[in-house]
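Structure, as structure tokens:
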Amino acid sequence: MPRPFPTSWILLPAVALAGCVSYEPDPLDPAKELAALRTRGIPEVELVRSTAGPLVPRGAAFDPADGLDEAELVAVALTLNPELRARRLEAGEARAALIQAGLWPNPEVGLSVARGLESGAGTTVDFDFLFELLRGAERSARIDAATAKVEEVRAGIVAEEWRLAAEVRRQRLAVLAAEREVSLLGEEAALRERTRETVRRRRDMGEGTEVEVAASDLEVAEVRRETLRAEGEVEAARRELARLLGLPPGYALRIVGSGDPLPVEVLPDVPEAEIDRRLLAGRPDLKALEAAYKRAEHELRLAVERQYPHLNLGPLITREDDGAWHAGPSIGLELPLFDRNQGEIAEKEAQRARARAEYVAALQRARAEAMDALGRMRRVRTELDAFEKEVLPLVQRTQDLAERAFRAGEVGVLDWITAQQRALTTRKALLESAVRYRAAALDFEAAVGPPPEAIDAGSGRDKDAGPPGEQPPAGPRRQR
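Here the sequence shown stands for residues 305 to 784, where the numbers follow our numbering.
Written out as structure tokens, the structure reads:
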């Protein structure tokens with residue numbers, strides 16, 4: 305008696321479908337998102353730390369009310385910047401691709417029903433259950449390529465964090481420099497006002513002319529115009545800093561050192577060998593490009609594996625028209641007569657060559673940026689040394705002599721004010737040099753990446769954390 309057809313086998317796909325997930329909509333509400341951006345503030349959370357080096361001690365908290373220093377500003381940016389948040393989500397996509405790469409192919413179920421034609425009679429039923437056999441090391445190559453993609457995305461996120469940290473540090477410097485310029489212009493405005501009052505008194509006493517009064521009025525107006533310009537630059541710099549931090553443009557942000565003399569930490573000179581060492585060990589974007597090259601290598605290996613024939617293997621069950629059942633193996637073999645994956649192999653070879661060229665180009669560009677920043681640091685440091693050793697002592701001596709002569713009645717108030725204005729002009733020039741030095745130092749640190757010892761110190765931190773707003777190495781401090 306023929307056995308009944310094993311219909312339970314047909315239920316296997318239905319059982320497999322039971323593990324599927326369902327779609328859950330999550331609509332985007334632009335108005336709601338905009339309202340959230342308008343009301344965003346600095347949260348009372350633990351500071352974000354970095355794999356690229358220590359930012360603050362673990363578990364440290366900060367109070368925005370007492371002002372934010374450089375490290376805290378960087379931490380806020382790493383926490384709130386929306387572009388960085390979006391970039392970090394790429395890690396989830398890469399990890400999902402890694403999960404997909406490790407899955408085995410699903411089996412295929414085939415069912416055919418054939419009825420007899422013309423003189424033939426009855427019905428023949430064929431049922432097969434085929435498994436795809438992966439080629440050689442295809443699965444391991446696929447996993448290696450997906451793993452390299454995860455490393456590439458992670459390195460790219462760290463590079464983006466380091467870039468953001470560098471931008472925040474530069475913008476903080478721009479804010480402090482602009483505010484310091486406003487302070488110096490305020491002092492200059494007070495001197496100009498005093499000069500104008502003196503000129504007017506001299507005119508009233510018959511010792512001055514209207515031309516001198518008009519000239520002093522013009523100087524006061526010019527200083528006021530410069531002050532308005534500088535105040536506008538402060539507002540623009542603060543808005544840009546708020547954007548980098550992920551805060552609303554008008555957010556009341558208190559910065560440590562606002563309006564104070566600008567401190568400058570003179571960095572020790574760095575030899576070229578040390579620059580090369582830090583470039584290779586610590587520059588995050590080079591690490592990302594290195595990971596991209598590794599991914600291209602694994603993808604080429606995967607493409608080579610896919611040139612070999614495709615094989616399916618599984619059981620075959622047949623029911624004849626007389627009710628008899630037959631079972632045996634079923635094999636499906638792809639014949640690579642025309643397509644041996646030549647196109648994909650050529651594409652992946654070209655991609656690997658391009659990845660190497662991009663790495664070399666980025667390495668050359670990074671080294672050029674580092675050397676340029678180091679050259680600017682050396683030049684401006686020479687200016688600062690000249691100011692400290694020659695100009696500042698002369699200015700101070702001139703001020704002291706003018707002060708003593710004025711108190712002794714040997715010079716008039718205009719001569720004393722002129723000496724004060726000359727000293728103020730020197731301080732403004734010194735501020736400009738200090739800003740250029742600090743900007744060059746920030747560019748140098750951004751170009752070479754964090755020191756390798758800082759990377760080792762932060763290697764146990766959160767993988768999704770950002771790079772530090774690290775302070776320069778300790779050195780002699782100068783107030784500008």
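Glycine included, C-beta positions come from ideal geometry on N, C-alpha and C.
Alpha-carbon to alpha-carbon, residue j and residue i
| i | j | result |
| --- | --- | --- |
| E789 | T383 | Here the chain covers residues 305 to 784 and nothing more, so residue 789 does not appear. |
| V325 | E569 | 57 Å |
| P306 | L434 | Its pLDDT being 48, under 50, P306 is placed unreliably by the model, and nothing is read from it. |
| I649 | L604 | 6 Å |
| P334 | R342 | 12 Å |
| I665 | R581 | It should be pointed out that residue 665 corresponds to Ala in this sequence rather than to Ile. Their backbone Cα atoms lie some 17 Å apart in a straight line. |
| L734 | A398 | 50 Å |
| E471 | T730 | 29 Å |
| L415 | W629 | 15 Å |
| R660 | A449 | 16 Å |
| P368 | R392 | 25 Å |
| L549 | V378 | 8 Å |
| L571 | A401 | 44 Å |
| A482 | P575 | 33 Å |
| S763 | R458 | At S763 the pLDDT is 41, less than 50, meaning the model places this residue with poor confidence; the figure from the coordinates comes in the next sentence. C-alpha separation (whole angstroms): 14 Å. |
| K652 | A600 | 7 Å |
| D760 | F748 | Caution applies to D760, whose pLDDT of 47 falls short of 50 and renders its modelled position unreliable; the model cannot decide the point. |
| A437 | Y327 | Inspection of the sequence shows that residue 437 is occupied by Leu rather than by Ala. Cα-Cα distance, rounded: 31 Å. |
| I403 | V454 | 11 Å |
| E374 | E535 | 22 Å |
| A674 | R506 | 57 Å |
| A431 | I621 | What sits at residue 431 in the sequence shown is Phe, not Ala. Those two C-alpha atoms are separated by around 5 Å. |
| G490 | R671 | 42 Å |
| A657 | P386 | 34 Å |
| N616 | D626 | 29 Å |
| V349 | L480 | Per-residue confidence for V349 stands at a pLDDT of 49, beneath the threshold of 50, marking its modelled position as unreliable; the derived number appears in the next sentence. V349 and L480: Cα-Cα distance of roughly 26 Å. |
Proximity to residue i [Cα-Cα], best of the options
| i | options | result |
| --- | --- | --- |
| A405 | V429, A375, A452 and A381 | A452 |
| S737 | T686, P552 and L583 | T686 |
| T428 | R623, V479 and L746 | R623 |
| P411 | E516, E492 and S634 | S634 |
| R272 | R656, L393, A745 and L606 | This structure leaves residue 272 out entirely; the chain is present only between 305 and 784. |
| E501 | A628, V517 and V560 | V517 |
| L746 | Q724, L495, A478 and P386 | A478 |
| E376 | A525, R473 and V413 | R473 |
| E394 | L735, L332, V462 and W408 | V462 |
| V538 | T499, S487, E511 and Y327 | S487 |
| Y741 | R726, T730, R683 and D719 | R683 |
| A519 | A534, T499, D508 and L532 | T499 |
| P552 | A340, K598 and D676 | A340 |
| E530 | N645, R506 and E492 | E492 |
| E662 | P567, R504 and L593 | L593 |
| G647 | A585, R610 and G512 | R610 |
| A723 | R496, G561, A657 and D625 | R496 |
| E544 | Q475, G632 and W466 | Q475 |
Cross-strand partners of residue i (DSSP beta bridge)
| i | result |
| --- | --- |
| S634 | G618 |
| F433 | V413 |
| L372 | I559 |
| W629 | R623 |
| R419 | T427 |
Classification of residue i by the beta-carbon crowding that lies within 10 angstroms, buried from 16 upward
| i | result |
| --- | --- |
| V417 | exposed |
| A390 | exposed |
| L421 | exposed |
| K591 | buried |
| D704 | exposed |
| A753 | It is worth fixing the name first, because residue 753 is Gly in this sequence and not Ala. Buried is the call here. |
| L407 | exposed |
| V380 | buried |
| Q668 | exposed |
| M681 | buried |
| Q700 | exposed |
| L637 | exposed |
| L338 | exposed |
| P780 | Below a pLDDT of 50, predicted positions are generally treated as unreliable, and P780, at 35, falls in that range; the measurement from the model is reported next regardless. That one is exposed. |
| F691 | buried |
| K336 | exposed |
| G357 | Residue placement at G357 cannot be trusted, given a pLDDT of 46 that sits under 50; what the coordinates show is reported in the next sentence. G357 should be labelled buried. |
| E526 | exposed |
| R542 | buried |
| V515 | exposed |
| P613 | exposed |
| P588 | buried |
| G510 | exposed |
| G586 | buried |
Unbroken stretches of the alpha helix (DSSP H), 4 residues or longer, contained in the region 649–728:
Runs of the alpha helix (DSSP H) inside the region 649–728: 696–711.
Segments assigned beta strand (DSSP E), at least 3 residues, entirely inside the region 423–485:
427–437
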